[in-house]
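These protein sequences, in sequence, are chains R and V. Per this note's numbering, numbering through the first sequence is continuous, rising by one, with the last residue being 397. Per this note's numbering, numbering through the second sequence is continuous, rising by one, with the last residue being 771. Built from N, CA and C at the ideal position, the CB exists for glycine as well. Each remark here refers to the structure printed beneath this line.
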Amino acid sequence: MEAASVAHAAEHEHHGPPPANVSSRVEPQLLGMLLFIISEVMVFGAFFTAYFFIRVGQGDPWPAPGTELPVAVAGVNTAILVSSSLTMHWAQTSIKNGNRFGLKAGILTTFLLGATFLFVQINEYANIGFAPQNHAQQTIFYSLTGLHGAHVFIGLMLLLFVTIRSFRGHYTPQEHRGVEVPGIYWHFVDVMWIIVYSTVYVL
Amino acid sequence: MAAKLRAPGFYRAGWMMALGVAFAFFLTWVIRASTGHSTFRHYISGEAITTVSILAVPLLFLVGIGGFDYWFYWAMGRPTRPEDHSGHGARTWKDYFRINTDHKVIGIQYTVTSFFFLLVGGLIAMLMRAELAQPGAQFVDANTFNGLFSVHASLLIFLFVIPVFAGLANFVLPLMIGAPDMAFPRLNALSYWLLPVAGALMLGSFFAPGGAFADGWTAYAPLSTNAPIGQDFFSVGVQFAGASSIMTALNFLVTIITMRAPGMSFFRMPLLVWANFATSLLVVIATPFIAASQFFVLLDRGLGFNFFKAGNGGDVLMYQHVFWFYSHPAVYIMMLPGFGIISEIIAVKSRKPIFGYRMMAFSLLAIVVLGFTVWAHHMFTSGMAAWIRIPMAITTAIIAVPTGIKVFSWLATLWRGVLRLDTPMLFALGFLTTFTLGGISGVMLAMVPFDIHVSSSYFIVAHIHYVLFGGSLMTIFGGVYYWFPKMTGRMFDERLGKMHFWSTFVLFNLTFGPMHILGLQGMPRRVADYASRFADMNLFISIASFGLGLSTLIFLYNIVTSWRGGPVSVANPWRGMTLEWQVSSPPPIFNFDRVPTVVGGPYEYGVPGAVHGIFAPTPAAAGVGSGLARAPSE
Chain R
195 MEAASVAHAA EHEHHGPPPA NVSSRVEPQL LGMLLFIISE VMVFGAFFTA YFFIRVGQGD
255 PWPAPGTELP VAVAGVNTAI LVSSSLTMHW AQTSIKNGNR FGLKAGILTT FLLGATFLFV
315 QINEYANIGF APQNHAQQTI FYSLTGLHGA HVFIGLMLLL FVTIRSFRGH YTPQEHRGVE
375 VPGIYWHFVD VMWIIVYSTV YVL
Chain V
138 MAAKLRAPGF YRAGWMMALG VAFAFFLTWV IRASTGHSTF RHYISGEAIT TVSILAVPLL
198 FLVGIGGFDY WFYWAMGRPT RPEDHSGHGA RTWKDYFRIN TDHKVIGIQY TVTSFFFLLV
258 GGLIAMLMRA ELAQPGAQFV DANTFNGLFS VHASLLIFLF VIPVFAGLAN FVLPLMIGAP
318 DMAFPRLNAL SYWLLPVAGA LMLGSFFAPG GAFADGWTAY APLSTNAPIG QDFFSVGVQF
378 AGASSIMTAL NFLVTIITMR APGMSFFRMP LLVWANFATS LLVVIATPFI AASQFFVLLD
438 RGLGFNFFKA GNGGDVLMYQ HVFWFYSHPA VYIMMLPGFG IISEIIAVKS RKPIFGYRMM
498 AFSLLAIVVL GFTVWAHHMF TSGMAAWIRI PMAITTAIIA VPTGIKVFSW LATLWRGVLR
558 LDTPMLFALG FLTTFTLGGI SGVMLAMVPF DIHVSSSYFI VAHIHYVLFG GSLMTIFGGV
618 YYWFPKMTGR MFDERLGKMH FWSTFVLFNL TFGPMHILGL QGMPRRVADY ASRFADMNLF
678 ISIASFGLGL STLIFLYNIV TSWRGGPVSV ANPWRGMTLE WQVSSPPPIF NFDRVPTVVG
738 GPYEYGVPGA VHGIFAPTPA AAGVGSGLAR APSE
């Protein structure tokens, strides 16, 4: 290790690295988020595999007799989450056009809508009348909605940071990657919920 | 002292880990006390505290060491810090023991850590062979033996083969494509520090009550969901190792796509870069599946979920499907970067352009796609629907085709080349031999009747070691020797290197070759004891394996002494054309003074006037990297 460190301490320390060549039109942060979302889709894919084996493979009636899924409440909740995607889009277009009020209002509304969704979801767990320990069907219900809930929570954390920074006057029409990248994640969380809702509740 | 406790480093990590244990204690206590659940009769449970601790303590260790500092700073809404490069590069040996954003430092951190786990995993193998030298129980009881082979496999798969390739690529890949660093240096640093955490968890399972996890690296449910607490160490350790792979893979993909030097089109990239591109795609797509499979196990074990409780509608076979949907692509994750290393070595050491460059690249992508269509060939005897075996057998046979394209392309590259049989090249040729043998036994195993016959026998052990030891490890040794001068600025001892190769190659075949026969004769794998008719051959294998273990000492001695005091290496000892050889050895702290321009293919050895990269002369360039990276005249 000494050998390596001696030569590292060459005369090159006074300056930073040379600017890297930009070999793609896609920004690194954007590409990184897209690849991360591919990974996330695969996590959901694995949970849906379990869902498929337990629901379709076993062939038992779904939901299990004596249990009921609150399709209507969850439907309203879906509408809440989908509208939060629209307000997110509002915030993103606002900062691109230099509209600071639109950014702040949009991001705050998105955060509040997301928090409402999570609150309704937790309330649903409290009142649904079955537990994941009862049967594999309930296990997979809680696992899929819970996995999605965890993603909503992570998304909300990111939105909270963006909200704080928006109110502190960060982001400009030129430099708004910090809104863009969490926004993509939030849209992914919303689209994923539509898939979870339609497979778990509706179908 | 107070400043030391606040600053990122081991002191802060220490008290934060203690905090993690306290957190686990209180969390489990509060939950148990408040729910009053009938299963939680006692408010304080050692198992619950352990389970929460092995999640919380590693995370807080990472916080303490400083892996998240920048992002915390960002999350609090502070102004963005300008990059001061204070965490970049190594000036003393201590810089290797902290969060470092230099891809070269991280590459060495990765490689050295992985080799530590190779040695530990190898020692465990020695213990197993000692036990298996004679029938009956000598050194360990059956349960300990099960723990030994499980930890052996898990360490060598998750903490040696996968990360050591990430480490070697971390060092050379940005240099090869003309980038000053990886795309996300802080993520790169974090992904390294997840590794020792995962390793500590897996080794720590030996100290858990009930012993280490003892159901193999596959951890099939419901065996794993009913195992003692040591199983949690595996499930959580895999999460950390998997997160580390995903982060690195994402980083490689973004780096390769967005940071190539001007003129470095995809078809001018060295094949090592192609190989890591393909591997990273596999990692990003497949690894979430093993994460999910271990989440299922953890939820079943910790919270009483019913994923794998057949009595409650759970599906045991689902574990195997989800697990192998990752773990079959994982065998290519453990092989494709090695293909890249071999392509580099064989082209340089044959002084010829690589044969079929584009087919080499396309066959990598073909393996990526086909790798996702073969997982159930691990499950021919699992009791799944019988018809699935037919398409899986066919795709498994087909996936040998792109691999065959690569083997024949390497052979065609060797054909009439000016071969230089030094240590890296010997390992490359040794790889071709043993990997082809392992590949052939793989095609044999694709055939359903044969697979059923030898399933869970020593034939499987022989096959896996021919492809992972004879395949991956040979490429790793070759790669380490090949880039050792670049990484350290020193030359290794060629005589010791050759001794290492021949002892490894011969003893490897003596150890694992007879296992094919043992398997065909019906000796089951994963057992501590066996019928006395297998005794002679097992004794032979054990003696050969001890020799194989000793041969690693030659490697260690060579590497350590050469690193400390070997002859200083020139910048380009192998006369390679790829960009990493055009900078000094070891490379300057920011790799290049100015990013080079690429004007031709990377392997035009022996082609008159061929040029790969042009380095613009800069006033500051102190004798490095000026002029053309020209193919040396033959």
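Local Cβ density within 10 Å of residue i, reported as buried at 16 or more and exposed below that
i: T229(V); result: exposed
i: L693(V); result: exposed
i: S223(V); result: exposed
i: P490(V); result: buried
i: M236(R); result: buried
i: R219(R); result: exposed
i: A358(V); result: buried
i: V390(R); result: buried
i: W639(V); result: exposed
i: E717(V); result: buried
i: N695(V); result: buried
i: A530(V); result: buried
i: W152(V); result: exposed
i: G445(R); result: Summary: the structure shown does not reach residue 445(R), with chain R confined to residues 195 through 397, and so no result is reported for it.
i: I316(R); result: exposed
Residue i (DSSP reduced to helix, strand or coil)
i: V390(R); result: helix
i: V158(V); result: helix
i: R662(V); result: coil
i: V705(V); result: strand
i: R371(R); result: helix
i: M401(V); result: coil
i: M472(V); result: coil
i: F377(V); result: helix
i: S679(V); result: helix
i: P145(V); result: coil
i: P257(R); result: coil
i: S722(V); result: coil
i: K543(V); result: helix
i: I322(R); result: coil
i: E268(V); result: helix
i: K290(R); result: helix
i: L558(V); result: coil
i: D384(R); result: helix
i: H202(R); result: Only weak support exists for where H202(R) lies, its pLDDT of 44 falling under 50; the value from the coordinates is given anyway. Helix at H202(R).
i: F517(V); result: coil
For residue i, the nearest candidate out of the options (CA to CA)
i: A326(V); options: N388(V), G541(V), G448(V); result: N388(V)
i: A356(V); options: E717(V), A290(V), I191(V); result: A290(V)
i: Y148(V); options: L507(V), L269(V), L197(V), V485(V); result: L197(V)
i: N115(V); options: S480(V), D278(V), R143(V), S706(V); result: For chain V, the structure presents residues 138 to 771; residue 115(V) sits outside this window and is missing.
i: M439(V); options: A380(V), Q368(V), R488(V); result: Correcting the residue type first, residue 439(V) is Gly in the shown sequence and not Met. Of the candidates A380(V), Q368(V), R488(V), the one whose C-alpha sits nearest the C-alpha of G439(V) is Q368(V).
i: A267(V); options: I680(V), W552(V), A747(V); result: I680(V)
i: D384(R); options: D254(R), P222(R), T393(R), I274(R); result: I274(R)
i: F671(V); options: S546(V), F462(V), G273(V); result: G273(V)
i: Y469(V); options: T510(V), N449(V), D452(V); result: T510(V)
i: G259(V); options: A708(V), I294(V), H515(V), G226(V); result: I294(V)
i: A320(R); options: S233(R), L306(R), L263(R); result: L263(R)
i: P710(V); options: G702(V), P723(V), R701(V); result: P723(V)
i: V732(V); options: M401(V), Y742(V), V643(V), G336(V); result: M401(V)
i: T357(R); options: A285(R), I388(R), L397(R), N293(R); result: A285(R)
Bridge partners - residue i, DSSP secondary structure assignment
i: T734(V); result: I751(V)
i: S594(V); result: P661(V)
i: R235(V); result: Answer is none; R235(V) lacks a bridge partner.
i: R169(V); result: Per DSSP, none; premise fails for R169(V).
i: R627(V); result: V705(V)
> Relative to chain R, which residues along the region 509-535 of chain V have a C-beta separation below 7 Å, given in chain order?
Replying inline: none
>> Short of 7 Å Cβ to Cβ, which residues in the region 352-382 of chain R face chain V?
In response: F355, I358, R359, R362
> According to a CB-to-CB cut-off of less than 8 Å, which residues of the region 446-457 of chain V neighbour chain C?
Replying inline: No chain C is present in this structure, whose protein chains are R and V.
> Relative to chain V, which residues along the region 224-243 of chain R have a C-beta separation below 9 Å, given in chain order?
Replying inline: L225, G226, L229, F230, I232, S233, E234, V235, M236, V237, F238, G239, A240, F241, T243
> Can you list, in chain order, the residues of the region 245-260 of chain R whose Cβ is nearer than 7 Å to any Cβ on chain V?
Replying inline: F247, I248, G251, Q252, D254
> In the region 388-399 of chain V, which residues sit with their C-beta less than 7 Å from some C-beta in chain R, listed in chain order?
Replying inline: L390, V391, I394, T395, M396, R397, A398, P399
> the region 247-277 of chain V: which residues have C-beta closer than 8 Å to a C-beta of chain R, in chain order?
Replying inline: none
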